[in-house]
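For the record, in the sequence shown the residue sitting at position 229 is 228 according to numbering that gives the first Met the number 0, with numbers rising by one throughout.
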Amino acid sequence: MAATIAKKKVVFIMGSTGTGKTKLSINLGTKFESEIINSDKIQVYKGLDIVVNKIPESERCGIPHHLLDIIDDYDYTFTSEDFCNHALSAIDLIHQNGHLPIIVGGSNNYLQALVENPNNAFRSKYDCCFIWLHVSLPILFQYLDKRVDEMVDAGFVDEIREAYVPGASYSNGLRRAIGVAEFDEYMKVEKESYDEVYKEKMLQDAIRRTKENTFKLAEVQFQKIHRLNYELGWGMNIIDSTQVFEAILRGEKYMDLYKEIIFKPSMNIVQKFVEEPNQETP
Numbered sequence: 000m001a002a003t004i005a006k007k008k009v010v011f012i013m014g015s016t017g018t019g020k021t022k023l024s025i026n027l028g029t030k031f032e033s034e035i036i037n038s039d040k041i042q043v044y045k046g047l048d049i050v051v052n053k054i055p056e057s058e059r060c061g062i063p064h065h066l067l068d069i070i071d072d073y074d075y076t077f078t079s080e081d082f083c084n085h086a087l088s089a090i091d092l093i094h095q096n097g098h099l100p101i102i103v104g105g106s107n108n109y110l111q112a113l114v115e116n117p118n119n120a121f122r123s124k125y126d127c128c129f130i131w132l133h134v135s136l137p138i139l140f141q142y143l144d145k146r147v148d149e150m151v152d153a154g155f156v157d158e159i160r161e162a163y164v165p166g167a168s169y170s171n172g173l174r175r176a177i178g179v180a181e182f183d184e185y186m187k188v189e190k191e192s193y194d195e196v197y198k199e200k201m202l203q204d205a206i207r208r209t210k211e212n213t214f215k216l217a218e219v220q221f222q223k224i225h226r227l228n229y230e231l232g233w234g235m236n237i238i239d240s241t242q243v244f245e246a247i248l249r250g251e252k253y254m255d256l257y258k259e260i261i262f263k264p265s266m267n268i269v270q271k272f273v274e275e276p277n278q279e280t281p
């Protein structure tokens, strides 16, 4: 009789940009013995922390993070194959530590490559729990509009200015981050002898383009996740977070709502998942 091997468990937190994936991963990480694996293709690079909305180390609650700040070369393209190799190594290490891997990020092509590529045999080795944080796109767009403004106030433009290299390609590496290419024209005129009214117009145009491309990214990510769930059958646990974001946009206190609508259901999903007997594969 062939020996069977128990599958090890992996949690995925998915969703469009701005839907609160990182916040939930930290919240769950404080309740379960876990470590977090970043699956955002831009956050693997060092730098542009505000631009890419990277969680500061001070807010990680001591939870180990993997695949954050691991690439120094701005021009290196971190491929799906690179991600799979690093993620599989991190998953094995986390299990060796006796912890639960939580994979979080918006680069869904990476996740599809990890889970669906037959060379990885992922499904035969790991028992997966997928949580999809969903926010109605019209509400999410309003929130993202507000978030970009807040990022600008926090130093977004200063980070882009420090990383700006005239003539650099925006198709590779860290410079693919939304906001970098959008600010190219503004960076060209900023220190020239144009009048301040013109410079301000260029700045506002750059911010507008950044917002528009962020909205486009969120929609593409939604469509991708929808396909993974409904066409490829990933069986996601969908958490509709729209009410929470509506409260945020109204300027209301939202943490009680967050706990009831997002955190508690997600915690129950993961609790049930980790308590289930491990599946076995021949």
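Note that beta-carbon positions come from the ideal geometry of N, C-alpha and C, so glycine has one too. Remember, it's a predicted structure, so these values are computed and weren't measured experimentally.
Cβ-based burial, residue i [other Cβ within 10 Å; buried from 16]
{"i": "T21", "result": "buried"}
{"i": "C83", "result": "buried"}
{"i": "R174", "result": "buried"}
{"i": "E251", "result": "exposed"}
{"i": "I261", "result": "buried"}
{"i": "D194", "result": "exposed"}
{"i": "M13", "result": "buried"}
{"i": "T18", "result": "buried"}
{"i": "A5", "result": "exposed"}
{"i": "M254", "result": "exposed"}
{"i": "Y257", "result": "buried"}
{"i": "S265", "result": "buried"}
DSSP three-state assignment for residue i, whether helix, strand or coil
{"i": "E126", "result": "Per the sequence presented here, residue 126 reads as Asp, with Glu not at that position. Note: D126 maps to strand in three-state DSSP."}
{"i": "P282", "result": "Outside the displayed range of the chain (0 to 281) lies residue 282, so it cannot be described from this structure."}
{"i": "N119", "result": "coil"}
{"i": "I54", "result": "coil"}
{"i": "D72", "result": "coil"}
{"i": "Y253", "result": "coil"}
{"i": "I49", "result": "coil"}
{"i": "E332", "result": "In the structure as shown, the chain begins at 0 and stops at 281. Residue 332 is therefore absent and cannot be evaluated."}
{"i": "K145", "result": "helix"}
{"i": "E181", "result": "helix"}
{"i": "E158", "result": "helix"}
{"i": "E230", "result": "coil"}
{"i": "Y163", "result": "coil"}
{"i": "M0", "result": "Below a pLDDT of 50, predicted positions are generally treated as unreliable, and M0, at 43, falls in that range; the measurement from the model is reported next regardless. In the structure shown, M0 sits in coil (DSSP, three-state: anything other than H, G, I, E or B)."}
{"i": "R207", "result": "helix"}
{"i": "F214", "result": "helix"}
{"i": "T78", "result": "coil"}
{"i": "G17", "result": "coil"}
{"i": "R175", "result": "helix"}
{"i": "A153", "result": "coil"}
Expected contact under 8 Å - CB spacing of residue i and residue j to nearest Å
{"i": "G28", "j": "I101", "result": "6 Å"}
{"i": "H98", "j": "E34", "result": "5 Å"}
{"i": "N119", "j": "L113", "result": "6 Å"}
{"i": "K223", "j": "L143", "result": "Between L143 and K223 the Cβ distance is about 17 Å, and since that is not below 8 Å, they are no contact."}
{"i": "R160", "j": "M186", "result": "7 Å"}
{"i": "T16", "j": "L216", "result": "6 Å"}
{"i": "K45", "j": "D68", "result": "5 Å"}
{"i": "D183", "j": "N277", "result": "At roughly 51 Å, the Cβ-Cβ gap does not stay under 8 Å, so D183 and N277 are not in contact."}
{"i": "V134", "j": "F31", "result": "Contact flag wrong, Cβ pair sits at about 24 Å."}
Residues that DSSP places opposite residue i in a beta bridge
{"i": "P100", "result": "E34"}
{"i": "F11", "result": "I102, F129"}
{"i": "D239", "result": "H133"}
{"i": "E279", "result": "A5"}
{"i": "H64", "result": "I35"}
{"i": "Y169", "result": "DSSP, once it has assigned bridges, lists no residue as partnering Y169."}
{"i": "Y44", "result": "I70"}
Alpha-carbon spacing of residue i relative to residue j, whole angstroms
{"i": "E279", "j": "V273", "result": "14 Å"}
{"i": "G232", "j": "G61", "result": "34 Å"}
{"i": "D72", "j": "I41", "result": "12 Å"}
{"i": "R226", "j": "E115", "result": "13 Å"}
{"i": "R207", "j": "V50", "result": "15 Å"}
{"i": "S38", "j": "L110", "result": "7 Å"}
{"i": "V179", "j": "N52", "result": "13 Å"}
{"i": "K8", "j": "F121", "result": "11 Å"}
{"i": "V147", "j": "L136", "result": "16 Å"}
{"i": "Y197", "j": "T213", "result": "24 Å"}
{"i": "M0", "j": "V219", "result": "A caution first: M0 carries a pLDDT of 43, below 50, which makes its placement in the model unreliable, though a value can still be read off. Using only the alpha carbons, I get a separation of about 47 Å."}
{"i": "I157", "j": "E181", "result": "First, the amino acid is wrong: residue 157 is Asp here, not Ile. Their backbone Cα atoms lie some 14 Å apart in a straight line."}
{"i": "S170", "j": "G105", "result": "18 Å"}
{"i": "P55", "j": "Q242", "result": "27 Å"}
{"i": "C128", "j": "V10", "result": "5 Å"}
{"i": "P63", "j": "F155", "result": "26 Å"}
{"i": "E191", "j": "S24", "result": "44 Å"}
{"i": "E230", "j": "V103", "result": "21 Å"}
{"i": "P117", "j": "I247", "result": "42 Å"}
{"i": "E149", "j": "Q141", "result": "13 Å"}
{"i": "K263", "j": "N26", "result": "10 Å"}
{"i": "S88", "j": "Q95", "result": "11 Å"}
{"i": "I70", "j": "V43", "result": "6 Å"}
{"i": "V151", "j": "G172", "result": "22 Å"}
{"i": "L47", "j": "A162", "result": "8 Å"}
{"i": "P165", "j": "Q270", "result": "50 Å"}
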